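Chemist: Under the working numbering, the sequence shown has 57 at position 57, and the numbering climbs by one with no breaks.
Don't be surprised by glycine CBs; every beta carbon is placed ideally from N, CA and C.
Quantities reported herein were computed from a predicted structural model and do not represent experimental measurements.
Mind having a look at this structure? Questions to follow.
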Amino acid sequence: TSLSFTAISESKSFSISSNTAWTISESLSWLSVSSTSGSNNSTIAVTCDANTTTTTRTGTISISGIGVSTQSISIAQAAGSATLSVSPLNLSFGAPGGNQTLNIKSNLVWSVSESLDWLSVNLNSGSNDGQVAITCANNPQTTNRTGNITVAAPGVTSQVITVTQSGVAPVVNVSPTAL
C-alpha cells in the first residue's frame, strides 16, 4: 500500500480493519498521523508538511498488532519547486561608498558574480537562504556609476541587482583666496 502527496501541505487517509489492538510508528519529521494506537477498525489521517526542498521525500508508516504481521504504507511526497529570490534588487550608495546587504531566499545552491572594480561581495556562493555583504568603494569622480550583481542558481531565472553610486559634488578651489 502507498500514499503519494504533492509538494504542498495536504492530508490523506487510510483505513485499518482489525479485531485487535494496533500501533502506528513513523519517524518522519515532515509527516504526522492522527492517531498512533487504537483497536478494531479506524480511519487514520496522514498529513505532510509542504516540501520546500527540490528533492522528493519518501518514508514508511508501519502498523503492527499483537499476533499479526506488520503492515507497511510507503509514503512519497513530490519535490517542491526550485526558488530563488533576492532583495533588494536595487542598491544605491553615496559617493563615500559603504556597506549593504542582499537577502537571498532559496532552496538551491546559488552563486554571486560581479566584475566591478569598485564593488566587492563577501560570498561568491551559498545554499538555501543567506545574506551577502556588499562593499562599495569611494567614488572620487563627479559622475555617477552603475553596475550589476547577478545571483544565479540552476533551473531558475537569475536575479540581477542594479547598483548605483553617486559621484562627488563638483568643486572648484582657487588659491590663494586673496591677492
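From Ser29, Ser115, Arg145, pick the residue whose C-alpha is nearest to that of Val168; which is it?
Modeler: The shortest C-alpha separation from Val168 is found at Arg145.
Chemist: Around the Cβ of Ile44, are there at least 16 other Cβ atoms within 10 angstroms (buried) or fewer (exposed)?
Modeler: Ile44 comes out buried.
Chemist: For the beta strand (DSSP E) holding Thr58, just list the boundary residues, first then last.
Modeler: That run of the beta strand (DSSP E) goes 57-65.
Chemist: Does the beta-carbon of Ala133 have 16 or more other beta-carbons within 10 angstroms, so that it is buried, or is it exposed?
Modeler: So Ala133 counts as exposed.
Chemist: Helix, strand or coil: how does DSSP classify Gly167 here?
Modeler: Reduced to three states, the DSSP call for Gly167 is coil.
Chemist: Going by the DSSP bridge assignment, what does Ser209 pair with across the sheet?
Modeler: Examination of residue 209 is not possible in this model, given that the chain is present from 1 through 179 alone.
Chemist: Leaving out the 5 sequence neighbours to the left and right, which residues in its chain are closer than 6 Å to Ala137 when beta-carbon positions are compared?
Modeler: Within the same chain, Ala137 has close Cβ partners Gly97, Trp118.
Chemist: Going by the CB atoms, is the gap between Leu108 and Val86 shorter than 8 Å?
Modeler: Against a cut-off of 8 Å, the Cβ pair of Leu108 and Val86 comes out as no contact.
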